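Chemist: Take the sequence shown: its letters are residues 44 to 310, numbered as in this note's numbering.
We put the CB at the ideal spot given by N, CA and C, even for glycine.
The structure presented is a predicted model; accordingly, all values stated were derived computationally and were not measured.
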Amino acid sequence: MSRKKTILDIQKMKEAGEKITMLTSYDFPFTRVMDDCAIDAILVGDSLGVVIDGYDNTLPVTIEEMIYHTRAVTRARPKALVVADMPFLSFQTDLRDARLNAGRLVKEGGAEAVKLEGGTHIAATIRAIVDMDIPVVGHIGLTPQSIHRMGGYKVQGKREEQARRLMEDALAVQEAGAFALVLEGIPLALARRITDELSIPTIGIGAGPHCDGQVLVIHDILGLCEKYSPKFVKRYADVRGVIADAVTSYIAEVKKGEFPDEGHSFS
């Protein structure tokens with residue numbers, strides 16, 4: 044039986060040149076499945092606002108919702124490292140709020156690390172949380188909590204000035220004490236430069252093949268989210284089709300009086 048993964052294991056994977064695998068999960072059954080498949084890390088993402096709650100973006104997600112879903116994930120006792128997103132307004136207001144909410148995700152949710160969006164401007168926040176002995180994953184590039192400033196879900200770092208700022212962000216996040224960094228929606232050449240420059244692992248989503256690892260939203264790879272279809276998503280299954288077939292068969296059998304039959308009834 045494999046042992047529980049920690050942040051030290053994730054860091055060692057970069058040193059060994061072993062790719063890091065991460066997927067989002069928001070509940071008990073999905074966590075059990077992906078942990079049985081030996082995923083390295085699970086992200087309880089605020090992406091749940093879109094794929095679970097049906098919002099147009101992640102901004103409405105609350106800290107209470109994140110704690111609820113993190114608790115559901117950790118109740119599965121996964122061997123994978125569990126990282127929980129800090130949602131919008133849970134860390135931007137002041138350091139006290141940031142420390143309190145990070146602590147709640149660990150204490151009440153059972154998370155083993157938290158993830159914050161932003162670069163140089165949240166370095167002090169990352170440092171304050173790390174000083175509490177809570178591991179932090181950074182997140183730069185296309186940061187969904189900043190979609191209004193960015194004008195939507197747009198690739199970041201195409202222009203040289205943008206690329207320079209993102210490199211500064213990456214170095215600031217590392218210096219602040221983050222143990223890993225998500226790179227989202229940036230050109231693959233820039234992601235490679237950042238990955239080569241940093242001593243901490245990079246985990247890409249729409250950032251090309253040169254990152255130390257990859258993360259995707261589980262509903263995207265299973266064909267369960269119809270709201271968006273980003274270029275960087277690869278659909279590995281059409282689970283929506285399987286579910287639709289099952290529901291259609293159920294409806295037909297009930298309408299025709301074929302279900303339940305004696306085999307599915309008590310005598």
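Which stretch, first to last residue, makes up the alpha helix (DSSP H) that contains M56?
Modeler: Taking the sequence shown and counting its residues from 1, the one referred to as residue 56 is at position 13. That run of the alpha helix (DSSP H) goes 50–59.
Chemist: Which residues in the same chain have their Cβ closer than 6 Å to the Cβ of P178, if we skip the five residues on either side of it in sequence?
Modeler: On the sequence shown, residue 178 is found 135 positions in, with the first residue counted as 1. Cβ neighbours of P178 beyond the five flanking positions: I50, A156, F222.
Chemist: Given a cut-off of 7 Å, decide if V258 and M65 are closer than it, judged by their beta-carbon atoms.
Modeler: One-based indexing of the sequence shown puts residue 65 at position 22. One-based indexing of the sequence shown puts residue 258 at position 215. Result yes, Cβ atoms of M65 and V258 sit closer than 7 Å.
Chemist: Do A127 and L148 have their C-beta atoms within less than 7 Å of each other?
Modeler: Position 84 of the sequence shown, counted from the first residue, corresponds to residue 127. Position 105 of the sequence shown, counted from the first residue, corresponds to residue 148. The answer is yes: Cβ separation under 7 Å.
Chemist: Whole angstroms are fine: how far does the CA of E305 sit from the CA of K274?
Modeler: For the purposes of this step, residue 274 is identified with residue 231 of the sequence shown, where counting begins at 1. For the purposes of this step, residue 305 is identified with residue 262 of the sequence shown, where counting begins at 1. About 49 Å.
Chemist: Which residue marks the beginning of the alpha helix (DSSP H) containing L231, and which one marks its end?
Modeler: The residue given as residue 231 occupies position 188 in the sequence shown. Unbroken alpha helix (DSSP H) run through L231: 231–240.
Chemist: Who are the near neighbours of R236 in its chain, counting only those whose CB is closer than 6 Å to its CB and skipping five residues on each side?
Modeler: Against the sequence shown, residue 236 aligns to sequence position 193. Cβ neighbours of R236 beyond the five flanking positions: none.
Chemist: Counting along the chain, where does the alpha helix (DSSP H) carrying L265 start and finish?
Modeler: Against the sequence shown, residue 265 aligns to sequence position 222. Note, L265: premise wrong, no alpha helix (DSSP H); not H, not E.
Chemist: Where does the unbroken alpha helix (DSSP H) through K299 begin, and where does it stop?
Modeler: Residue numbering aside, residue 299 sits at position 256 when the sequence shown is read from its first letter. Start and end: 282–299.
Chemist: Could you tell me how far apart the beta carbons of L265 and A287 are, in whole angstroms, since I believe they sit closer than 8 Å?
Modeler: For the purposes of this step, residue 265 is taken as residue 222 along the sequence shown, with counting starting at 1. For the purposes of this step, residue 287 is taken as residue 244 along the sequence shown, with counting starting at 1. With 8 Å as the limit, L265 and A287 do not qualify as a contact, their Cβ atoms being about 13 Å apart.
Chemist: So the candidates are T74, I95, N100, I248; which of them puts its Cα closest to the Cα of H191?
Modeler: Taking the sequence shown and counting its residues from 1, one reaches residue 191 at position 148. Nearest C-alpha to H191: N100.
Chemist: When you compare the CB positions of F131 and L159, do they come within less than 7 Å of one another, or not?
Modeler: Position 88 of the sequence shown, counting from 1, holds the residue named residue 131. Position 116 of the sequence shown, counting from 1, holds the residue named residue 159. Cβ distance not < 7 Å, so F131 and L159 don't count as in contact.
Chemist: Give a single yes or no on whether R202 has its beta carbon closer than 6 Å to a heavy atom of the ligand MG.
Modeler: Questions concerning the ligand MG fall outside what the structure shown contains, since it holds no ligand whatsoever.
Chemist: Determine the direct distance from the alpha carbon of V285 to that of A206, and round the result to whole angstroms.
Modeler: On the sequence shown, residue 206 is found 163 positions in, with the first residue counted as 1. On the sequence shown, residue 285 is found 242 positions in, with the first residue counted as 1. The straight-line gap from Cα to Cα measures roughly 42 Å.
Chemist: So what does DSSP say about T136, is it helix, strand or coil?
Modeler: Walking along the sequence shown from the start, residue 136 turns up at place 93. Of the three classes helix, strand and coil, the one that applies to T136 here is coil, per DSSP.
Chemist: In three-state terms, what does DSSP make of E227?
Modeler: Stepping through the sequence shown from its first residue, residue 227 is reached at position 184. Three-state result, E227: strand.
Chemist: Is V125 near T117, with beta carbons less than 7 Å apart?
Modeler: If you number the sequence shown from 1, residue 125 lands on position 82. If you number the sequence shown from 1, residue 117 lands on position 74. In contact: V125 and T117 (Cβ atoms closer than 7 Å).
Chemist: Do you know whose CA, among D263, I183, T113, lies nearest L214's CA?
Modeler: Taking the first residue of the sequence shown as 1, we reach residue 214 at position 171. Among D263, I183, T113, the Cα nearest to that of L214 is on I183.
Chemist: Distance check for A289 and R283, CA to CA, integer angstroms please.
Modeler: The residue you call residue 283 lines up with position 240 of the sequence shown. The residue you call residue 289 lines up with position 246 of the sequence shown. The alpha-carbon atoms of R283 and A289 are separated by roughly 10 Å.
Chemist: Verify whether the separation of the beta carbon atoms of M193 and R142 is less than 7 Å.
Modeler: As a position in the sequence shown, residue 193 is number 150, starting the count at 1. As a position in the sequence shown, residue 142 is number 99, starting the count at 1. Against a cut-off of 7 Å, the Cβ pair of R142 and M193 comes out as no contact.
Chemist: So which of P303, I246, A219, F71 has the shortest CA-CA distance to Q54?
Modeler: Residue mapping note: residue 54 aligns to position 11 of the sequence shown, counting from 1. Q54 has its Cα closest to that of I246, out of P303, I246, A219, F71.
Chemist: For P72, count the other beta carbons within 10 Å of its own beta carbon; 16 or more makes it buried, fewer makes it exposed. Which is it?
Modeler: As a position in the sequence shown, residue 72 is number 29, starting the count at 1. Exposed.
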